[in-house]
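Right, one structure below, let's go through it.
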Amino acid sequence: MSEAQHKSQGLVAISLMVQIGETLHPELQIITSVFNKVKYRGDFAPVRHLSLKSLLPNTNDYMTYEGSTTHPGCWETAVWLILNKPIYVTARELYALRQLMQGPSTTPKAPLGNNSRPLQDLHYRTIRTNIDFHKRPDAKCPSMAQDMHYRANTWQDDGSLSHNGVV
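Going by the UniProt record's numbering, the residue at position 122 of the sequence shown is 122; the numbering climbs one at a time, nothing skipped.
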């Protein structure tokens, strides 16, 4: 990662939406079952076979954009993939996640939770999607409002770039 984070499109990040549910997620339970053994940095515990595909929601719909890493440095080298369905966790699994700590057990810091980065401006990034915004007769959800627009950058006579053209 140390080499890739400095290269254009060097990293791919998958973002999952998480929703509280009642049903245990079998693959996620493999991970959360060892949280009590790996509370601090440097702790470790063996994990049996884990299917990464099974951790992802069952969807082919996504949005993607070129953005930045979320850790200090915030390099503009990540391609983000946001899946359009959530995974479900129980309240107990979420509680276990929130018990994980930053730092080693000898000098613990704050919990890992509530460490989100503030919302960032779009900065003229293009967001691409394969989501079908047209309502189908068999759809279980209402159609989504479609608000598609972009700003076309134009060149001024003096050679400078203008960001004010709306198409």
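Every residue gets a Cβ at the ideal spot worked out from N, C-alpha and C, and that includes glycine.
**Q.** Option in A96, Y40, N60, T126 with minimal Cα separation from S33
**A.** A96
**Q.** Residue of D121, H25, N84, L100 minimising C-alpha distance to P111
**A.** L100
**Q.** Ranges of the alpha helix (DSSP H) found wholly within the segment 85-122, counting only runs of at least 4
**A.** 91-98
Q) Three or more C-beta pairs closer than 8 angstroms, one from the segment 79-97 and one from the segment 13-26: is that the case here? A) yes
Q: Please name the residue, chosen from T129, I127, D158, Q102, that lies closest to R41 on a Cα-to-Cα basis.
A: Q102
Q. Residues bridged to L11 by DSSP?
A. A78
Q) Mind pulling the beta strand (DSSP E) runs of 3 or more residues that sit fully within the segment 44-72? A) 62-67
Q) Which residue or residues does DSSP assign as beta-bridge partners of L83? A) Y62
Q. Alpha carbon to alpha carbon, what distance is there between S51 and residue 169?
A. Outside the displayed span of the chain (1 to 167) sits residue 169, for which this structure offers no information.
(Q) Give me, in chain order, the residues of the same chain whose beta-carbon lies closer than 7 angstroms to that of R125; leave out the 5 immediate sequence neighbours on both sides. (A) Y65, E66, G67
Q. Can you tell me the Cα-Cα spacing of V47 and I30, whole angstroms?
A. 7 angstroms
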